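The structure appears below as structure tokens.
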């Protein structure tokens, strides 16, 4: 049973515009959320995270928003650049019961075109 | 080393063969994780080590899967009597702290069972 869901397998955005990647989760015990970025033939790279006590976290061009009541989070990339083209994974954890274990979504392939 | 190193990068095994996948974590990293990523899916947790202690092996899919980290550094994931459904990318990740979440992944080992 998929506890973290990324319902859009792909997203295509023009350079300079905003990219919005979405993620939903079902486990109400999840209290820490992360986004990873993955290029072909490489391992996922940590991008940004957010704790459930916050509703927004920003790091440069990347902002993650968390809506706990809707069990939804999103990653905004502004402005998008061609180098952002990659697969983005949403991940979640219940810090109270697991020792670093993450639950991942299936990923969204982002393509940023010039 | 500078990053998490996994070997081999690619492995083709005949069904029924035993395989061993190696992970060299970042020096000094306490936590080590193994994940399995099937085609088109997100990474799925297999097991977690804190130093040499295997604290969570709940994600191992069967007793054919075995992992060890005897000296608290290098880890080996062993799969006995491989089956076609074992075909996947096996990712290793390490973290400096216990239960750390923004961990560093290796590039993975792509296992193909024929």
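Residue numbers (this note's numbering), protein chains in the order written: chain A, 10 to 123; chain B, 23 to 136. Don't be surprised by glycine CBs; every beta carbon is placed ideally from N, CA and C. The structure displayed is predicted, hence computed values, not measured ones.
Would you say residue i lies against chain B (beta-carbon separation less than 8 angstroms)?
i	result
residue 51 of chain A	yes
residue 6 of chain A	Past the boundaries of the shown model lies residue 6 of chain A; chain A is included only from 10 to 123, so the question cannot be answered.
residue 105 of chain A	no
residue 115 of chain A	yes
residue 71 of chain A	no
residue 124 of chain A	Past the edges of chain A, shown from 10 to 123, lies residue 124 of chain A, and the structure says nothing about it.
Taking 8 angstroms as the limit between beta carbons, can you name the residues of its chain near residue i, skipping five residues before and five after?
i	result
residue 92 of chain B	74
residue 96 of chain B	44, 45, 46, 47
residue 61 of chain A	39, 40, 41, 42, 75, 77
residue 66 of chain B	57, 58, 59, 60, 81
Less than 7 angstroms between C-beta atoms, sequence neighbours within five positions excluded: which residues of the same chain meet that for residue i?
i	result
residue 63 of chain A	75
residue 34 of chain B	134, 136
residue 109 of chain B	133, 134, 135
residue 90 of chain A	24, 121
Whose C-beta lies closer than 6 angstroms to the C-beta of residue i among residues of the same chain, with five residues either side of it excluded?
i	result
residue 79 of chain B	69
residue 43 of chain B	99, 112, 131
residue 57 of chain A	44, 68, 71, 73
residue 101 of chain A	13, 34, 39, 42, 112
residue 118 of chain A	19, 96
residue 84 of chain A	30, 44, 73
Within 8 angstroms (strictly less), CB to CB, does residue i reach chain A?
i	result
residue 65 of chain B	yes
residue 29 of chain B	no
residue 117 of chain B	yes
With DSSP as the reference, label residue i as helix, strand or coil.
i	result
residue 107 of chain B	helix
residue 85 of chain B	coil
residue 78 of chain B	strand
residue 46 of chain B	strand
residue 40 of chain A	coil
residue 68 of chain A	strand
residue 93 of chain A	helix
Less than 8 angstroms between the CB atoms is what I'm expecting for residue i and residue j, so what's the real figure, rounded?
i	j	result
residue 126 of chain A	residue 13 of chain A	Here chain A comprises residues numbered 10 to 123, so residue 126 of chain A is not present and cannot be evaluated.
residue 93 of chain A	residue 28 of chain A	7 angstroms
Along chain D, which residues have their Cβ under 7 angstroms away from the Cβ of residue i?
i	result
residue 87 of chain B	Looking for chain D here will not work: the only protein chains present are A and B.
Exercise. Is the region 98 to 115 of chain B touching the region 36 to 47 of chain A, taking contact as three or more C-beta pairs under 8 angstroms?
Worked result: They do not touch, by the three-pair rule.
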